[in-house]
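Scroll down for the structure; my scribbles are underneath it.
In the working numbering, the protein residues as written are 4 to 238.
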């Protein structure tokens with residue numbers, strides 16, 4: 004991620020941060036390891052820490068932007084500055100217990116090559132891998148195309164820094180091609196609480212947000228805002 008991060012901390016129960024953290028807590032429970040070490044690649048300002056507290060989780064981040072590295076360093080156990088498009092070696096004493104790539108692969112010109120390299124370098128067979136990707140086939144993008152519109156924005160599915168775009172099928176195929184056996188695919192709804200605070204937890208319009216989340220999970224390819232792919236590395 005380059006420059007000022009367009010990403011915001013999303014704390015509602017349907018957000019990618021909350022869902023990814025829930026999956027990590029489940030993996031940590033299965034593994035019965037404490038602290039459970041998570042390698043968060045493209046960690047931005049360290050948004051997972053509020054959901055994954057010490058001493059139960061050890062968070063190691065990788066980030067390109069030096070300002071975000073400084074911010075994440077206030078929350079994570081270790082943060083390393085690196086360009087994902089180039090090879091690098093992290094001074095890890097042992098492989099992480101899980102690897103997260105949230106909102107990062109779509110920013111790379113060759114996400115499959117980078118993902119393959121990172122997994123071969125830092126994962127071992129059976130390592131949980133959690134990836135989030137935006138859904139370019141979301142209803143509002145489809146409607147825009149019908150109207151001849153494909154307008155980039157400062158954030159969201161058509162973030163102007165996105166270089167690659169994914170549908171449910173191509174997101175799944177990316178994981179399979181890189182040796183990840185997918186165990187579950189969930190989605191996030193459109194982040195309505197970021198549109199207006201009245202959609203937030205306990206607020207007047209939260210039920211609308213909750214219903215939107217239910218619809219999104221029922222029609223992943225059409226209404227899912229982001230895909231969250233949860234699996235294990237097989238090599």
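All C-beta atoms in this analysis are idealised placements derived from N, C-alpha and C, irrespective of residue type, glycine included.
Bear in mind that the values here come from a model prediction, so they are computed numbers and not experimental data.
Sub-8 Å separation of residue i and residue j beta-carbons
i	j	result
residue 61	residue 98	no
residue 2	residue 190	The structure shown does not extend to residue 2, since the chain is modelled only from 4 through 238, so no value can be given for it.
residue 19	residue 187	no
residue 274	residue 236	The structure shown does not extend to residue 274, since the chain is modelled only from 4 through 238, so no value can be given for it.
residue 137	residue 229	yes
residue 101	residue 30	yes
residue 169	residue 109	yes
Proximity to residue i [Cα-Cα], best of the options
i	options	result
residue 185	147, 133, 216	133
residue 103	178, 145, 172	178
residue 90	121, 82, 83	121
residue 220	116, 171, 130, 84	171
residue 112	209, 200, 69, 165	165
residue 47	207, 30, 79, 35	79
Span of the alpha helix (DSSP H) around residue i
i	result
residue 215	209-221
residue 235	Careful: residue 235 lies outside any alpha helix (DSSP H), inside the beta strand (DSSP E) at 229-236.
residue 145	142-149
Pairwise C-alpha distance: residue j and residue i
i	j	result
residue 145	residue 161	12 Å
residue 147	residue 218	20 Å
residue 87	residue 211	38 Å
residue 139	residue 225	9 Å
residue 105	residue 150	31 Å
residue 81	residue 64	6 Å
residue 14	residue 53	9 Å
residue 231	residue 23	7 Å
residue 202	residue 214	11 Å
residue 93	residue 222	39 Å
residue 49	residue 70	12 Å
residue 6	residue 68	Reliability fails at residue 6, whose pLDDT of 41 lies under 50, so the model's placement of it is uncertain and the value that follows must be treated cautiously. Distance between the alpha carbons of residue 6 and residue 68 is about 6 Å.
residue 180	residue 238	10 Å
Complete beta strand (DSSP E) runs within the segment 155-194 (minimum length 3 residues, chain order)
Note on the segment 155-194: whole beta strand (DSSP E) runs with a minimum of 3 residues are 183-191, in chain order.
Residue ranges of each alpha helix (DSSP H) within the segment 13-86, 4 or longer
19-34, 69-76
Which ranges would you report for the beta strand (DSSP E) in the segment 87-133 if only whole runs of at least 3 residues count?
101-105
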